[in-house]
Structures are given as C-alpha cells and as structure tokens.
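Colleague: Questions regarding the structure given below will be posed in turn.
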Amino acid sequence: MSDVSAFSINKINGGLTRINTVSTAGENPVHISIDKTNRWVFVANLQTGTISVIPRNSDGSLGNLHKLYTIPGLTDGAISHPHQVFQDISRNYLVVPCQGRKYGFGQIVVFRINSVDGTLEETCTVRSRELAEPRHCVFHASNRYCYCVNEKDFTITAYSFDETQGVLSPFQVIPTLPDTCTDDGWASGIIMDQTSRFVIVSNRKQNSISSLLVDPNTGRLTLIDTMGSFGEQPRFIYLLPNGLLLVANELTDSLEFFNLDDNGKFHHLNMQIKTESPVSAVSWQ
Numbered sequence: 058m059s060d061v062s063a064f065s066i067n068k069i070n071g072g073l074t075r076i077n078t079v080s081t082a083g084e085n086p087v088h089i090s091i092d093k094t095n096r097w098v099f100v101a102n103l104q105t106g107t108i109s110v111i112p113r114n115s116d117g118s119l120g121n122l123h124k125l126y127t128i129p130g131l132t133d134g135a136i137s138h139p140h141q142v143f144q145d146i147s148r149n150y151l152v153v154p155c156q157g158r159k160y161g162f163g164q165i166v167v168f169r170i171n172s173v174d175g176t177l178e179e180t181c182t183v184r185s186r187e188l189a190e191p192r193h194c195v196f197h198a199s200n201r202y203c204y205c206v207n208e209k210d211f212t213i214t215a216y217s218f219d220e221t222q223g224v225l226s227p228f229q230v231i232p233t234l235p236d237t238c239t240d241d242g243w244a245s246g247i248i249m250d251q252t253s254r255f256v257i258v259s260n261r262k263q264n265s266i267s268s269l270l271v272d273p274n275t276g277r278l279t280l281i282d283t284m285g286s287f288g289e290q291p292r293f294i295y296l297l298p299n300g301l302l303l304v305a306n307e308l309t310d311s312l313e314f315f316n317l318d319d320n321g322k323f324h325h326l327n328m329q330i331k332t333e334s335p336v337s338a339v340s341w342q
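With the numbering used here, you'll find the sequence shown wraps up at 342, consecutive numbering, no jumps.
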C-alpha cells in the first residue's frame with residue numbers, strides 16, 4: 058500500500074485512534090512532514106520519484122491528493138528516489154535528498170513552499186558525488202548550514218544555505234567513521250543536537266553512532282566520537298525533548314538510549330525498550 062494515515066492522540070494515555078487514510082498516488086512513501094501552517098502534508102515516494110502534497114483538515118483528517126510533483130532522475134528514464142521531505146528552520150523551504158540508487162546520480166532538490174495554495178517552486182538542484190546516495194538532511198539553528206548524510210559512502214556533505222534564494226552550496230565532505238574503517242558504513246540517520254554544536258549520525262553496517270563538532274564560524278565538521286549502538290542496524294536516531302538520544306536498532310528489535318556530553322562524547326545508559334523492527338520514532342508532549 059502507498060497510503061498516509063492520520064491519527065488522533067489520547068491526551069490521557071497517549072493511545073492512537075486512526076482518523077482516516079488516503080493514497081499518496083506514489084509507491085513506497087518513506088518520509089513525511091507538515092508545513093508551518095499545519096495545512097499541508099508532504100510525502101516522499103521513493104520508488105516513483107515523486108512528492109505528494111496532501112491537505113490536512115481542521116479536524117485532523119487528511120484530504121485527497123492536492124498536488125504530485127515528479128523529481129526526474131539525472132539520467133534518461135531514471136527514478137530519482139527521494140528519501141526525505143525536510144524543511145529548513147524558517148519552514149519556507151522543502152529540502153529533498155534524492156538517492157538516485159543504481160544509476161549512481163544523487164541530488165538534493167530545494168523547493169519554496171507556498172503555504173497559501175500548497176504549491177512548490179523549485180529553487181535549487183545540487184548534484185551529489187557519484188554513488189554517494191544522499192539520504193537525510195538537517196539544518197543548523199542559524200539556518201546558514203545544511204548537513205546531508207550520504208548513505209553508501211558514509212559521508213556528510215556540508216552546505217551553506219542562502220535563505221533568500223533557497224540555494225545550497227557545498228563546501229565540505231567528511232566521513233562519518235574514523236579512517237580505520239575499511240568496510241561499508243551505510244550511514245542512515247542524522248540529527249543536530251539541541252545546541253547546534255554537534256551533528257549526530259548512525260552507521261547501519263558498522264552498528265555505530267558518531268558525533269561531529271560544528272565550527273560556529275565556518276560550519277565545518279570534525280569527527281569527535283564513535284560508539285557501538287548496542288544492537289544491529291541503527292536505522293534511526295532521535296533526540297528526545299529531555300536531551301536523551303534514542304537509537305533504533307532495527308535487526309535486534311530494540312531502542313537504546315544515550316547521553317551526549319559537552320565534549321561530544323557518547324555515554325550509553327542502562328535503558329532499553331524492546332519492540333519489533335523499529336525504523337522511526339516521534340515523541341509527543
């Protein structure tokens with residue numbers, strides 16, 4: 058199925074009740090975000106290379122598809138494989154990393170969001186290194202820098218961001234693992250800590266997480282620490298409101314918890330939640 062569903066949250070016990078389900082008109086929806094007015098839902102459809110725009114009603118239900126945007130691959134007939142629909146700090150722009158997959162040509166496409174009519178206007182396309190496969194992005198709190206984790210070559214590309222024009226310009230590529238790693242890394246998740254001093258990533262093939270220090274003047278990254286994820290295939294990482302780092306180990310069915318200290322070092326906590334094949338998480342307060 059290629060659908061998206063809306064749920065209501067029970068404010069007493071946190072339970073979920075499905076409101077409705079609508080089609081994305083694409084295949085394999087992999088990421089979702091909501092615009093700053095809470096009226097438009099954006100969905101990345103991996104296998105069809107499309108972005109769905111779906112209206113959100115005042116009662117929390119979803120309307121039928123409003124717009125469907127195709128992001129072409131960078132070779133004839135190729136599918137772009139968008140993997141995320143992420144918004145910058147201003148939430149005026151939608152940033153879409155596209156992996157390219159077997160054709161080898163990844164890219165990041167930036168759209169200006171019109172929250173009045175739910176339309177998208179392309180402002181920038183930046184091609185990634187061949188076979189890098191850009192996966193997910195995160196923005197510095199200043200909105201001056203964007204960091205994209207590249208899955209297959211386990212690197213991060215750092216970009217400066219022109220908020221006026223909606224344009225990304227790359228200025229650094231750095232591995233997510235120490236230079237002693239000679240095997241595959243398959244980087245996956247990327248987040249910014251609450252202070253915007255550190256970027257945190259997960260490495261699925263190496264079953265590890267890494268922290269990188271952000272230079273506040275230049276935005277450049279320096280690798281600080283790498284630690285095992287206490288499980289296999291940490292597909293997803295998430296920073297809880299209380300500052301704890303949640304790591305979802307997909308193949309060992311567990312959520313693990315870490316602290317990140319002021320020096321960017323990880324400390325594993327004696328906390329674990331067992332759950333089946335975790336691939337994503339979100340908190341609600």
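Note that beta-carbon positions come from the ideal geometry of N, C-alpha and C, so glycine has one too.
Can you find at least 3 beta carbon pairs, one from the stretch 306-314 and one from the stretch 282-297, that sit closer than 8 Å?
Modeller: Result yes; three or more Cβ-Cβ pairs closer than 8 Å.
Colleague: Applying the criterion that 16 or more other CB atoms from any shown protein chain within 10 Å of the CB defines a buried residue, is Pro154 buried or exposed?
Modeller: buried
Colleague: My assumption, with CB atoms under 8 Å, is that Ser109 sits in contact with Leu122. Please give the rounded CB distance.
Modeller: 6 Å
Colleague: What ranges does the beta strand (DSSP E) occupy inside the stretch 64-148, keeping only unbroken runs of at least 3 residues that lie completely in it?
Modeller: 73-80, 86-91, 97-102, 107-112, 124-127
Colleague: Return the CA-CA distance between Gln156 and Gly130, expressed in angstroms with no decimal places.
Modeller: Distance between the alpha carbons of Gln156 and Gly130 is about 9 Å.
Colleague: Mind checking Ile66: buried by the 16 CB within 10 Å criterion, or exposed?
Modeller: Classification of Ile66: exposed, given that the 10 Å Cβ count is below 16.
Colleague: State the Cα-Cα distance for the pair Thr105 and Arg201, rounded to the nearest angstrom.
Modeller: 31 Å
Colleague: I believe Phe168 touches Thr180 by the beta-carbon criterion, under 8 Å. Please report the beta-carbon distance rounded to the nearest angstrom.
Modeller: 7 Å
Colleague: Along the chain, where does the beta strand (DSSP E) containing Phe315 start, and where does it finish?
Modeller: 311-317
Colleague: Can you tell me where the beta strand (DSSP E) with Thr275 in it begins and where it stops?
Modeller: Counting along the chain, Thr275 falls outside any beta strand (DSSP E), and DSSP gives it neither H nor E.
Colleague: Closest to Gln342 by CA distance: which of Asp319, Lys68, Thr283, Val152 is it?
Modeller: Lys68
Colleague: Less than 8 Å separating the beta-carbons of Tyr150 and Gln141?
Modeller: Not closer than 8 Å, so no.
Colleague: If you follow the beta strand (DSSP E) that Asn306 is in, where does it begin and where does it stop?
Modeller: Where Asn306 is concerned, the enclosing beta strand (DSSP E) stretches over 302-306.
Colleague: Round the Cβ separation of Lys262 and Asp240 to the nearest angstrom and send it over; I've been treating them as touching at under 8 Å.
Modeller: 7 Å
Colleague: If I'm right that Ile165 touches Val152 with Cβ under 8 Å, what's the distance once you round it to whole angstroms?
Modeller: 6 Å
Colleague: Would you mind working out which of Leu188, Arg277, Val183, Lys159 sits nearest His197, comparing C-alpha positions?
Modeller: The shortest CA-to-CA distance from His197 to any of Leu188, Arg277, Val183, Lys159 is the one to Arg277.
Colleague: Rounded to whole angstroms, what's the CA-CA distance from Thr252 to Thr279? Just pull it up for me.
Modeller: 16 Å
Colleague: Any idea if Ser199 is buried or exposed, counting beta-carbon neighbours within 10 angstroms, 16 or more meaning buried?
Modeller: exposed
Colleague: Short check: CB of Tyr160 to CB of Ala189, under 8 Å?
Modeller: Going by C-beta atoms, Tyr160 is not nearer than 8 Å to Ala189.
Colleague: Less than 7 Å between C-beta atoms, sequence neighbours within five positions excluded: which residues of the same chain meet that for Leu103?
Modeller: Asn85, Val87, His138, Pro139, His140
Colleague: Count the other C-beta atoms from every protein chain shown that fall within 10 angstroms of the C-beta of Asn207, then say buried if there are 16 or more, exposed otherwise.
Modeller: buried
Colleague: Using a Cβ-Cβ cut-off of 7 Å (strictly less than) and excluding sequence neighbours within five positions of Ile146, which residues of its own chain qualify?
Modeller: Phe196, Ala198, Asn200
Colleague: Note down the Cα distance separating Thr94 from Thr176, rounded to an integer number of angstroms.
Modeller: 13 Å
Colleague: Looking at the unbroken beta strand (DSSP E) that takes in Arg192, where does it start and where does it end?
Modeller: 191-196
Colleague: Going by beta carbon distance, what residues of the same chain come within less than 8 Å of Asn114, once the five residues before and after it are set aside?
Modeller: Gly120
Colleague: Using only the alpha-carbon positions, how far apart do Gly246 and Asp116 sit?
Modeller: 32 Å
Colleague: Using the Cα positions of Asn316 and Leu303, report the straight-line distance between them to the nearest angstrom.
Modeller: 9 Å
Colleague: Please name the residue, chosen from Thr332, Glu307, Thr233, that lies closest to Met284 on a Cα-to-Cα basis.
Modeller: Thr233
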